[in-house]
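Participant: Numbering follows full-length UniProt numbering, in which position 255 of the sequence shown is assigned residue number 255; successive positions increment by one, without gaps.
Yeah, the Cβ is synthetic: ideal placement off N, Cα and C, and Gly gets one too.
One structure, pasted below without further comment.
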Amino acid sequence: MFTVMLLMVFTATACSSGSNNSYTVIHTIDANSGSEKQATHQKFTIGIVPKVMGISYFNVAEEGAMEAADDLNVNVIYEGPPIADAAKQIKVIRRLINIPVDAIAISANDPEKLLPIMLEAKSKGIKVITWDADTLPEGRELFVNMVETESLGRHLLDTLAWNTEEKGEYAIMTGALSASNQNEWIKWIRQQQREYYPKMKLVDIVATDDDPQKAYETAKQLLVEHPKLSGIIGNSSVSPPAAAQAVREARKTSQVKVVGLSTPNLMRDYLKDGSAQMATLWSPKKLGYLTIVLAKNLLEGKPPYDGDDIYNVGHIRVNGDTVIMGEPLDFTAENVDQYDF
Numbered sequence: 001m002f003t004v005m006l007l008m009v010f011t012a013t014a015c016s017s018g019s020n021n022s023y024t025v026i027h028t029i030d031a032n033s034g035s036e037k038q039a040t041h042q043k044f045t046i047g048i049v050p051k052v053m054g055i056s057y058f059n060v061a062e063e064g065a066m067e068a069a070d071d072l073n074v075n076v077i078y079e080g081p082p083i084a085d086a087a088k089q090i091k092v093i094r095r096l097i098n099i100p101v102d103a104i105a106i107s108a109n110d111p112e113k114l115l116p117i118m119l120e121a122k123s124k125g126i127k128v129i130t131w132d133a134d135t136l137p138e139g140r141e142l143f144v145n146m147v148e149t150e151s152l153g154r155h156l157l158d159t160l161a162w163n164t165e166e167k168g169e170y171a172i173m174t175g176a177l178s179a180s181n182q183n184e185w186i187k188w189i190r191q192q193q194r195e196y197y198p199k200m201k202l203v204d205i206v207a208t209d210d211d212p213q214k215a216y217e218t219a220k221q222l223l224v225e226h227p228k229l230s231g232i233i234g235n236s237s238v239s240p241p242a243a244a245q246a247v248r249e250a251r252k253t254s255q256v257k258v259v260g261l262s263t264p265n266l267m268r269d270y271l272k273d274g275s276a277q278m279a280t281l282w283s284p285k286k287l288g289y290l291t292i293v294l295a296k297n298l299l300e301g302k303p304p305y306d307g308d309d310i311y312n313v314g315h316i317r318v319n320g321d322t323v324i325m326g327e328p329l330d331f332t333a334e335n336v337d338q339y340d341f
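Below, the structure is given as structure tokens:
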């Protein structure tokens, strides 16, 4: 009997040593033991869908999501459309539903067009949340927002006003005209201008579809169509560097000021040579990380709460069904080298 027991322990230990499973089988004597239950536990699989693949902002968010996957022992599938298009995003979501995944986190290209597929996912028992860009509330359980929407929109207009002596014509380069988060920021940009900067005038809002080349061509067109332009606000990550490049090439750095939402790595050279004045953002890596944390917590029946201290992220705020990650960061020629993302 003693020999049989030793053989069982040796066999179980040998099997576990070569496994990649995060749970280690120590013994198999008691089939009802906690170790045995952990050994057969199925990992959660979480699908995270960006607006578009291949741009710096969402690449960095993917790094954060995959880091969270390792830390939390979950499977993460990071997949999005090749262009910022709602129809192509729906195809990605359908594929995740058919896998199936346990939860889906979506940065919505179009809040209304995505609603039916999100409701379908929910009907199949999949937890559905949004991150970065929201959809209609009935389509998801919660929205993981980067910063408070009104504060960010107003702040973006402030950063331009500080650099244009609070006067002159300006244009906004947005991502997609249907993106709910960007439309909210535009709403508050306009509100801030009406309330505090009567000598500034919004003359154009143009869409780039989060495509760097389209953003560059659009910026060049703005400079031609609006020769008196004093500033450009880019509210998607590809817009400010594209605008700065166009301004640099047109030799209008003294006339046209560029600010907006983008990463320090994309904006570093433009900030240093004066083609752009300020970039604002949050950490997309932390956003990707936080999204996976909150998705896993929901799967375990643990909703977020105000003031929760999330590892690798910090204290979050919760307002109804919206989680707010934190405050924005401003990057200038003086501090941009302190950041690397």
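With Lys88 as the anchor, note down where its alpha helix (DSSP H) starts and where it stops.
Facilitator: Residue mapping note: residue 88 aligns to position 88 of the sequence shown, counting from 1. Run containing Lys88: 86 to 98, per the alpha helix (DSSP H) assignment.
Participant: Please confirm whether Val74 and Ile292 have their CB atoms less than 9 Å apart.
Facilitator: For this step, residue 74 is matched to residue 74 along the sequence shown. For this step, residue 292 is matched to residue 292 along the sequence shown. Going by C-beta atoms, Val74 is nearer than 9 Å to Ile292.
Participant: Taking the alpha carbon of Asp110 as the reference point, which residue from Leu299, Asp158, Val52, Ala171 has its own alpha carbon closest?
Facilitator: As a working note, residue 110 is residue 110 in the sequence shown. Minimum Cα distance to Asp110 is reached at Val52.
Participant: Between the C-alpha atoms of Ala176 and Val238, what's the straight-line distance to the nearest angstrom?
Facilitator: Here residue 176 refers to the residue found at position 176 of the sequence shown. Here residue 238 refers to the residue found at position 238 of the sequence shown. Rounded to the nearest angstrom, the two C-alpha atoms are 12 Å apart.
Participant: By a C-beta neighbour count over all protein chains shown, 10 Å radius and 16 as the cutoff for buried, is Arg194 buried or exposed?
Facilitator: Counting from 1 along the sequence shown, the entry for residue 194 is found at position 194. Answer is exposed; the Cβ neighbour count stays below 16.
Participant: Using the three-state DSSP reduction, which class does Phe58 fall into: helix, strand or coil?
Facilitator: Within the sequence shown, numbered from 1, the residue matching residue 58 stands at position 58. Phe58 falls in the helix class under three-state DSSP.
Participant: Less than 8 Å between the CB of Gln338 and some heavy atom of the ligand COA, yes or no?
Facilitator: The ligand content of the structure shown is nil, which means the ligand COA is not present either.
Participant: For Ile106, which residues from the same chain have a beta carbon less than 6 Å from its beta carbon, with the 5 sequence-adjacent residues on both sides left out?
Facilitator: Position 106 of the sequence shown, counted from the start, is the residue given in the question as residue 106. So the qualifying residues of the chain are Val49, Thr130.
Participant: Excluding sequence positions up to five away, which residues of its chain have a Cβ less than 7 Å from the Cβ of Ala108?
Facilitator: In the sequence shown, the residue the question calls residue 108 occupies position 108. The residues are Leu114, Thr130, Ala133, Asp134, Thr135, Ser180.
Participant: Are the segment 165 to 173 and the segment 222 to 229 touching by the rule of at least three beta carbon pairs closer than 8 Å?
Facilitator: The segment 165 to 173 is in contact with the segment 222 to 229.
Participant: Can you tell me which residues form a DSSP beta bridge with Ile324?
Facilitator: Counted from its first residue, the sequence shown places residue 324 at position 324. In DSSP, Ile324 forms a bridge with Asn145, Arg317.
Participant: Go through its chain and collect everything with a Cβ distance to Asp102's Cβ below 6 Å, but skip five positions before and after it.
Facilitator: The residue you call residue 102 lines up with position 102 of the sequence shown. These residues qualify, in order along the chain: Phe44, Thr45, Leu299.
Participant: Taking 9 Å as the cut-off, decide whether the C-beta atoms of Gln192 and Arg251 are in contact.
Facilitator: Position 192 of the sequence shown holds residue 192. Position 251 of the sequence shown holds residue 251. No.
Participant: If we count the other Cβ atoms within 10 Å of its Cβ and call it buried at 16 or more, is Gly320 buried or exposed?
Facilitator: Translated into positions along the sequence shown, residue 320 becomes position 320. Its Cβ having fewer than 16 others within 10 Å, Gly320 is exposed.
Participant: At the level of alpha carbons, what is the spacing between Glu120 and Val224?
Facilitator: Here residue 120 refers to the residue found at position 120 when the sequence shown is read from its first residue. Here residue 224 refers to the residue found at position 224 when the sequence shown is read from its first residue. Rounded to whole angstroms, Glu120 to Val224 spans 46 Å at the Cα level.
Participant: From what residue to what residue does the beta strand (DSSP E) around Leu229 run?
Facilitator: Position 229 of the sequence shown, counted from the first residue, corresponds to residue 229. 229 to 234 is the span of the beta strand (DSSP E), which, as asked, contains Leu229.
Participant: Taking 8 Å as the cut-off, does the segment 259 to 279 touch the segment 241 to 248 (at least 3 CB pairs, one atom from each stretch)?
Facilitator: As far as the Cβ criterion goes, the segment 241 to 248 touches the segment 259 to 279, which means the pair count is three or higher.
Participant: To the nearest angstrom, how far is the alpha carbon of Ala68 from that of Leu294?
Facilitator: The sequence position of residue 68 within the sequence shown is 68, counting from 1. The sequence position of residue 294 within the sequence shown is 294, counting from 1. Roughly 10 Å separates the two Cα atoms.
Participant: So, using beta-carbon positions, are Ser283 and Phe331 closer together than 9 Å?
Facilitator: Locating residue 283 in the sequence shown gives position 283, where the first residue counts as 1. Locating residue 331 in the sequence shown gives position 331, where the first residue counts as 1. Cβ distance not < 9 Å, so Ser283 and Phe331 don't count as in contact.
Participant: Who does Trp131 pair with in a DSSP beta bridge?
Facilitator: Within the sequence shown, numbered from 1, the residue matching residue 131 stands at position 131. Val144, per the DSSP bridge assignment.
Participant: Compare the Cα-Cα distances from Lys257 to each of Lys285, Ala219, Leu329 and report the closest residue.
Facilitator: Here residue 257 refers to the residue found at position 257 when the sequence shown is read from its first residue. Ranking Lys285, Ala219, Leu329 by Cα distance to Lys257 puts Ala219 first.
Participant: Have a look at Thr280 and Asp204 and give me their C-alpha separation to the nearest angstrom.
Facilitator: Counting from one through the sequence shown, the residue named residue 280 turns up at place 280. Counting from one through the sequence shown, the residue named residue 204 turns up at place 204. The alpha-carbon atoms of Thr280 and Asp204 are separated by roughly 21 Å.
Participant: Looking at the secondary structure, which residues open and close the beta strand (DSSP E) in which Asn75 lies?
Facilitator: Here residue 75 corresponds to residue number 75 of the sequence shown, with the count starting at 1. Element bounds for Asn75: 75 to 78.
Participant: Just verifying my parser: in three-state terms, what is the DSSP assignment at Val259?
Facilitator: Within the sequence shown, numbered from 1, the residue matching residue 259 stands at position 259. In the structure shown, Val259 sits in a strand (DSSP, three-state: E or B).
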